[in-house]
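Shown next, in structure tokens, is the structure this report addresses.
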Amino acid sequence: MSWITRAETAADVAAIREVNLLAFGKTYEPDLVEALRSDSSAWLPGLSIVATTGDGQVVGHVLLSRCTIGETPVLSLGPVAVLPAYQGQGVGSAVILAGLAEARRQGEHLVILVGHLDYYPRFGFRPASDFGIDGPISGPHLMVLPLDDHPVPAGTIRYPLTWGL
Numbered sequence: 094m095s096w097i098t099r100a101e102t103a104a105d106v107a108a109i110r111e112v113n114l115l116a117f118g119k120t121y122e123p124d125l126v127e128a129l130r131s132d133s134s135a136w137l138p139g140l141s142i143v144a145t146t147g148d149g150q151v152v153g154h155v156l157l158s159r160c161t162i163g164e165t166p167v168l169s170l171g172p173v174a175v176l177p178a179y180q181g182q183g184v185g186s187a188v189i190l191a192g193l194a195e196a197r198r199q200g201e202h203l204v205i206l207v208g209h210l211d212y213y214p215r216f217g218f219r220p221a222s223d224f225g226i227d228g229p230i231s232g233p234h235l236m237v238l239p240l241d242d243h244p245v246p247a248g249t250i251r252y253p254l255t256w257g258l
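Mapping to the numbering used here: the sequence shown position 122 is 215, numbers consecutive.
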């Protein structure tokens with residue numbers, strides 16, 4: 094099945110909260126998305142992506158928001174959420190690929206995330222330690238994806254205060 098992916102609109106806000114709540118079963122992720130949406134230092138227009146069914150139901154969501162490595166602006170990918178009934182059907186991949194494509198289109202150079210080792214490498218993510226990058230959450234789950242040929246900055250990731258890290 095193919096999914097329709099697009100940037101979120103104001104009409105999607107409640108559905109995005111519901112998708113994140115049902116996907117994770119707790120309020121941290123939906124609260125984080127809402128807090129980042131209100132944080133002008135972190136929120137970037139066009140980088141909150143939804144996947145919908147043909148009839149417009151929002152079934153997946155990904156957020157890419159601003160963080161830094163040292164003084165270099167980069168993107169943080171997450172959370173990624175898919176309604177439980179649609180998991181395993183390519184919705185997550187669809188929103189991630191759409192988000193990465195939009196990030197490239199906007200001229201971004203690097204995306205970081207904390208995620209599953211058996212999932213994100215399929216998109217090209219590699220261990221952040223390969224690049225000399227660490228953060229408040231380190232280890233093999235911290236991964237990096239260069240979006241172009243720009244040099245990858247080494248250093249420590251700084252998330253906006255909104256993340257609470």
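Glycine included, every Cβ here is placed at the ideal spot set by N, Cα and C.
Return the chain-ordered list of same chain residues with a C-beta closer than 8 Å to the C-beta of residue i, the five sequence neighbours on each side being excluded.
i: T161; result: V167, I250 and R251
i: I189; result: V155, L170, V173 and F216
Let me make sure I understand the geometry here. Which of the options has the alpha-carbon closest to that of residue i?
i: S158; options: G228, L129 and A194; result: L129
i: R219; options: I230, P229, I205 and G228; result: I205
i: W256; options: P239, E111, D105 and E127; result: E127
i: F216; options: A187, S134, E111 and G149; result: A187
i: E201; options: E164, G228, P239 and L156; result: P239
i: G139; options: D124, L193, D241 and G228; result: L193
Quick check on residue i: does DSSP put it in helix, strand or coil?
i: T255; result: helix
i: V245; result: coil
i: I109; result: helix
i: P177; result: helix
i: G149; result: coil
i: D227; result: strand
i: L326; result: As shown, the chain starts at 94 and ends at 258. That puts residue 326 outside it, with no answer to give.
i: S133; result: coil
i: S95; result: coil
i: P172; result: strand
i: L206; result: strand
Determine the direct distance from the alpha carbon of residue j to that of residue i, and round the result to whole angstroms.
i: S222; j: M236; result: 8 Å
i: G147; j: S95; result: 9 Å
i: N113; j: P233; result: 24 Å
i: V245; j: A144; result: 30 Å
i: I226; j: A247; result: 5 Å
i: L137; j: Y212; result: 25 Å
i: Q180; j: A196; result: 24 Å
i: A135; j: R99; result: 20 Å
i: E111; j: A178; result: 13 Å
i: A108; j: Q199; result: 25 Å
So, at 6 Å on beta carbons, what are the nonlocal neighbours of residue i in its own chain, with the 5 sequence-adjacent residues on each side left out?
i: V175; result: A116, G153, V184 and G185
i: E122; result: N113 and P172
i: V207; result: I230, H234 and L235
What does the Cβ neighbour count give for residue i, buried or exposed, with the cut at 16 atoms within 10 Å?
i: T102; result: exposed
i: T120; result: exposed
i: S141; result: buried
Using a C-beta cutoff of 8 Å, does residue i count as contacting chain D?
i: S134; result: No chain D appears in this structure, which consists of one protein chain only.
Using C-beta distances below 7 Å, list every residue in its chain close to residue i, excluding the 5 sequence neighbours before and after it, in chain order.
i: T165; result: P246
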